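Have a look at the structure below before the remarks.
Protein chains: 2
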Amino acid sequence: MTRPRISDVAAAAGVSVTTVSLVLNNVESRISADTRLRVQEAAQAVGYTPSSVARGLRTQQTRTVGLISDHIATTPFAGRMLAGAQDAARAAGHLVFLIDTGGDKRIEHEAIAALSAQRVDAMIYASMWHQILEAPAGLPAGTVFLDCRPAGGGFRSVVPDDRAGGAAAVRELVRAGHRRIAYLDTSDTTPIASGLRHEGYLSVLAEAGIPVDPALHVTGETSAHGGRDAAERLLDLPEDRRPTAIFCFNDRMAGGVYTAAHHRGLEIPRDLSIVGYDDQQLIAAEQDPPLTTVALPHYEMGRWAMEVALGVRAEGEEDAAHQMECPVIRRDSVGPPPAQVAKPNRRRASHTDRLPEAAIDR
Amino acid sequence: MTRPRISDVAAAAGVSVTTVSLVLNNVESRISADTRLRVQEAAQAVGYTPSSVARGLRTQQTRTVGLISDHIATTPFAGRMLAGAQDAARAAGHLVFLIDTGGDKRIEHEAIAALSAQRVDAMIYASMWHQILEAPAGLPAGTVFLDCRPAGGGFRSVVPDDRAGGAAAVRELVRAGHRRIAYLDTSDTTPIASGLRHEGYLSVLAEAGIPVDPALHVTGETSAHGGRDAAERLLDLPEDRRPTAIFCFNDRMAGGVYTAAHHRGLEIPRDLSIVGYDDQQLIAAEQDPPLTTVALPHYEMGRWAMEVALGVRAEGEEDAAHQMECPVIRRDSVGPPPAQVAKPNRRRASHTDRLPEAAIDR
DNA sequence: CTGAAAGCGCTAACAT
DNA sequence: ATGTTAGCGCTTTCAG
């Protein structure tokens with residue numbers, strides 16, 4: 001038994017294939033209402049489903065999109081990007097081919113070729129985390145970069161605004177009254193986010209008139225363990241130099257800070273406030289107390305990328321390299337700093353008092 | 001500028017399209033070596049990429065597969081299934097359409113229709129977690145179910161062997177010398193895995209001649225919090241009835257057990273041994289000490305599903321509903337039970353001594 | 001060893 | 001208001 005085709009429907013309805021095509025595609029109502037009905041019934045009766053393949057060949061539009069990524073599909077990390085991209089694609093009536101290259105350049109090359117051969121209407125090149133990378137050869141012109149940017153430019157892209165995100169995190173802490181705020185950074189120099197968040201940290205300190213203490217910028221391996229080690233160093237500082245709050249490069253490292261704090265009998269947020277980054281559900285929401293963190297707008301970025309790739313969103317010229325806001329997710333790991341027990345410091349107190357709300361409020 | 005087609009290559013090489021097609025598809029070397037070379041060079045020169053769409057129309061084979069899932073792509077959970085499926089697809093020269101329905105039946109229905117319209121060569125229906133579900137209407141005959149099974153049968157499927165997995169977890173504990181082993185179960189009655197793992201638990205207890213204590217089977221919400229609460233109840237038991245080891249429904253809940261243990265000053269595994277399930281990297285590997293757990297063979301299941309869907313793996317008849325082994329991942333949360341301090345119990349001791357290794361060893 | 005030609009299933013001029 | 005027909009770009013008989 002072979003699949004019914006349009007001519008079968010035409011025969012069953014006693015009309016031409018043109019008519020069938022016209023009614024099934026809702027083209028110009030130049031077809032009479034009752035032929036229309038007859039055709040629809042005939043199509044139903046024979047169980048007809050138009051072939052997207054034939055249609056694609058004829059129209060030169062496949063209504064498919066290729067999404068190439070290094071690891072996003074196979075990693076517990078950025079699945080929400082996929083969800084956003086998918087939703088946008090579905091809304092536009094497109095199907096998505098997903099290829100995870102695992103970071104293998106050869107596979108990536110093949111993927112681009114295969115996707116081109118499939119005549120996808122658009123292509124998205126996604127990364128697991130915010131980075132700047134060499135655009136692979138052979139990418140079609142309209143390709144949009146998701147969570148990464150091409151080193152040489154030439155493609156549209158969307159990435160999180162990590163600078164603003166870092167600033168928002170630290171501002172959260174400054175608002176709560178903290179003055180000794182550490183940045184527990186990753187020692188990995190690859191992620192561009194590390195530096196950007198640091199810039200955000202520095203800018204808010206400046207806004208709030210808080211002097212920078214280099215001892216409060218520590219780094220560690222990007223893991224709970226690394227976070228814990230780095231936190232130990234911070235908490236080993238003499239009491240007047242010890243931070244009352246720690247902004248962590250990510251939630252995993254923040255998890256390590258919890259461990260370090262618990263081991264010293266420090267209660268969060270009473271004795272120490274913590275802000276993470278990434279809003280990884282499995283970590284952030286399940287800490288005790290739940291971790292206040294900055295969310296990466298994965299879903300929105302995925303959606304944006306797909307929408308501009310498909311042309312349903314007309315992005316402005318200046319928007320070719322889009323930055324997306326990272327909202328802070330308030331949970332319970334931030335509180336006011338512990339009351340100063342010893343050596344109250346006039347200088348510190350006065351600064352806190354005249355903290356310009358306006359300056360830290362946007 | 002339009003894409004070059006096969007006739008352009010033919011013209012450039014001074015041969016017919018037949019010849020071009022033949023050499024580009026490596027068909028029967030009835031083509032002379034030098035025409036072959038000329039054609040290849042011409043193809044290269046004009047930048048020719050065969051259209052999979054046209055080829056698909058002609059051959060009625062698209063070399064594409066549809067993968068419909070509820071949530072696997074957008075959840076931090078089972079991405080490895082995708083990786084396995086992808087790798088198998090790539091090995092077979094197929095591209096995969098991925099559709100996440102978010103559990104929405106209407107979207108699922110549209111997805112099946114869209115994929116059929118695309119004339120995919122095969123289809124996989126995947127679930128985020130092991131369950132038995134009603135097969136949606138319209139699924140093509142050869143569809144294979146991944147991490148789930150159709151209630152009525154009729155489709156091939158692959159799921160983890162949760163019964164054996166539960167048994168392996170508990171055996172791990174029995175081997176370490178434990179006799180008072182709790183099963184910290186989920187209170188959610190949906191997951192079929194819960195009951196299967198319980199069966200495994202019971203069977204190993206029986207094997208080892210350990211009497212079942214109903215007080216040692218507790219349930220909680222499927223989260224760190226739920227795990228913690230349930231663990232509290234277990235640890236509140238009078239000393240002689242308290243478990244020395246806890247097998248948890250999953251790693252998240254096991255994380256809660258760590259918290260409960262720490263709060264009481266219990267050290268793992270010195271005072272309490274723990275085994276989880278799922279091997280979620282973000283949780284299991286980052287616990288302190290790292291959690292011994294049972295891994296779900298996501299990658300292998302994804303691979304298996306794709307291979308049978310594509311027919312590269314000839315599964316036996318009896319294998320239509322395949323069960324895949326869940327390996328235990330040994331880390332550092334299991335140790336011998338704490339030395340009995342009070343009321344040494346002759347019965348208990350004698351049992352431990354004559355524990356039949358053979359019985360618990362397979 | 002190579003080429004001509006039919007046809008995969010559809011859409012869209014162009015007729016009528 | 002509806003039908004005829006020419007392709008979309010390829011593979012594959014069937015002839016030479």
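Protein sequences appear in the order of chains A and B. Residue 362 is where the first sequence ends in the UniProt record's numbering, and the numbering goes up by one at each step. Residue 362 is where the second sequence ends in the UniProt record's numbering, and the numbering goes up by one at each step. All C-beta atoms in this analysis are idealised placements derived from N, C-alpha and C, irrespective of residue type, glycine included. What you are looking at is a predicted structure, and each value in this text was computed from that prediction instead of being measured.
When the Cα of residue i is compared with those of the options, which residue comes out closest?
i                      : options                           : result
A/S187                 : A/N250, A/E239, A/E300 and A/G103 : A/N250
B/A309                 : B/L139, B/Y48, B/R5 and B/G102    : B/L139
B/G79                  : B/R55, B/L296 and B/R179          : B/L296
A/A137                 : A/W129, A/H130, A/P289 and A/P150 : A/P150
residue 363 of chain A : A/V294, A/Y277, A/P338 and A/A321 : Limits of chain A in this structure are 1 at one end and 362 at the other, which puts residue 363 of chain A out of reach.
A/G153                 : A/L234, A/I132, A/H225 and A/M123 : A/I132
B/Y299                 : B/G209, B/V23 and B/I72           : B/I72
A/T293                 : A/V96, A/A215, A/T2 and A/G276    : A/G276
A/E325                 : A/A168, A/A260 and A/E307         : A/A168
A/Q118                 : A/G56, A/A176, A/L235 and A/D278  : A/G56
A/A135                 : A/T189, A/E207, A/E108 and A/A122 : A/E108
B/S69                  : B/R90, B/P191 and B/V144          : B/V144
A/L272                 : A/L234, A/E307 and A/E221         : A/L234
B/L82                  : B/V27, B/S333 and B/M301          : B/M301
I need the straight-line Cα distance from residue i to residue j, nearest angstrom please.
i      : j      : result
A/L282 : B/A12  : 58 angstroms
A/A92  : A/S127 : 23 angstroms
A/G66  : B/R171 : 46 angstroms
B/P160 : B/D147 : 7 angstroms
B/D162 : B/V312 : 26 angstroms
A/K105 : A/L115 : 15 angstroms
A/G200 : A/Y183 : 11 angstroms
B/P289 : B/S194 : 25 angstroms
B/A284 : A/T75  : 15 angstroms
B/V341 : B/G84  : With a pLDDT of 47 at B/V341, under the threshold of 50, the predicted position of this residue should be treated as unreliable, and no value is reported.
B/R58  : B/V23  : 18 angstroms
B/P327 : B/G166 : 10 angstroms
A/S157 : A/W304 : 9 angstroms
A/V174 : A/V204 : 8 angstroms
B/H94  : A/E110 : 12 angstroms
B/I6   : B/P191 : 53 angstroms
A/N345 : A/P243 : With a pLDDT of 45 at A/N345, under the threshold of 50, the modelled position of that residue is not reliable, and no figure is offered here.
B/D100 : A/A88  : 12 angstroms
B/T222 : A/A164 : 35 angstroms
B/D279 : B/E307 : 24 angstroms
B/V46  : B/V15  : 15 angstroms
B/M253 : B/A314 : 38 angstroms
Throw me the rounded Cβ distance for the residue i and residue j pair, which I believe falls under 8 angstroms.
i      : j      : result
A/A230 : A/V212 : With 8 angstroms as the limit, A/A230 and A/V212 do not qualify as a contact, their Cβ atoms being about 18 angstroms apart.
B/A62  : A/A113 : In the sequence under discussion, the amino acid at residue 62 of chain B is Thr, which differs from the Ala named in the question. Contact flag wrong, Cβ pair sits at about 16 angstroms.
A/H178 : A/A245 : 4 angstroms
A/G226 : A/G256 : 7 angstroms
A/P238 : A/S333 : Not confirmed; about 24 angstroms, so no contact.
A/V9   : A/A42  : 5 angstroms
A/V27  : A/V39  : Their Cβ separation, rounded to whole angstroms, is 12 angstroms, which puts A/V27 and A/V39 out of contact at 8 angstroms.
A/C248 : A/I274 : 7 angstroms
In the DSSP assignment, the beta strand (DSSP E) including residue i goes from what residue to what residue?
i      : result
A/D278 : S273 to D278
A/T64  : T64 to S69
B/G220 : H217 to G220
A/A54  : A/A54 -> not in any beta strand (DSSP E); alpha helix (DSSP H) instead, spanning S52 to T59.
Since residue i is in the alpha helix (DSSP H), which residue starts that stretch and which ends it?
i                      : result
A/Y125                 : No alpha helix (DSSP H) holds A/Y125; the beta strand (DSSP E) holding it covers A122 to L133.
B/H322                 : From DSSP, B/H322 is part of no alpha helix (DSSP H) but of the beta strand (DSSP E) over A321 to M324.
residue 384 of chain B : Given that chain B is displayed from residue 1 to residue 362, the structure contains no residue 384 of chain B and the question cannot be resolved.
A/A254                 : D251 to H263
B/T18                  : V17 to L24
B/D147                 : Segment V144 to P150 is the beta strand (DSSP E) holding B/D147; no alpha helix (DSSP H) there.
A/A11                  : I6 to A13
Is residue i near the ligand NAD, with its Cβ less than 7 angstroms from a heavy atom?
i      : result
A/R149 : Among the components modelled here there is no ligand, and therefore nothing to report on the ligand NAD.
The UniProt domain "HTH lacI-type" (4-59) of chain A: positions lying closer than 7 angstroms to chain B by Cβ: Those residues of the UniProt domain "HTH lacI-type" (4-59) of chain A that come within reach of chain B (Cβ to Cβ, closer than 7 angstroms) are T49, P50, S51, S52, V53, A54, G56 and L57.
What residues in the segment 84-108 of chain A have a beta carbon less than 8 angstroms from any beta carbon of chain B? Result list: Q86, R90, L95, V96, F97, L98, I99, D100, G102 and I107.
Output, in sequence order along the chain, the residues in the segment 113-129 of chain A whose CB is closer than 8 angstroms to any CB in chain B. Considering only beta carbons, the part of the segment 113-129 of chain A lying closer than 8 angstroms to chain B consists of A113, A114, L115, S116, A117, Q118 and R119, in chain order.
Got a sec: which bits of the segment 274-296 of chain A sit with their beta carbon under 8 angstroms from any beta carbon on chain B, in order along the chain? Correct list: Q280, Q281, L282, I283, E286 and D288.
Which residues of the segment 215-231 of chain A have a Cβ closer than 9 angstroms to any Cβ of chain B? Give them in chain order. Flagged, chain order: S223, A224, H225 and R228.
Note down, in chain order, all residues in the segment 196-209 of chain A with a beta-carbon under 8 angstroms from any beta-carbon belonging to chain B. Taking 8 angstroms as the Cβ-Cβ cut-off against chain B, none of the residues of the segment 196-209 of chain A qualify.
Residues, ordered as in the chain, of the segment 259-270 of chain A that lie near chain B by beta-carbon distance below 7 angstroms: Those would be T259 and H262, in chain order.
Scan the segment 310-333 of chain B for residues whose Cβ lies nearer than 9 angstroms to a Cβ of chain A and list them as they occur along the chain. Answer set for the segment 310-333 of chain B: empty.
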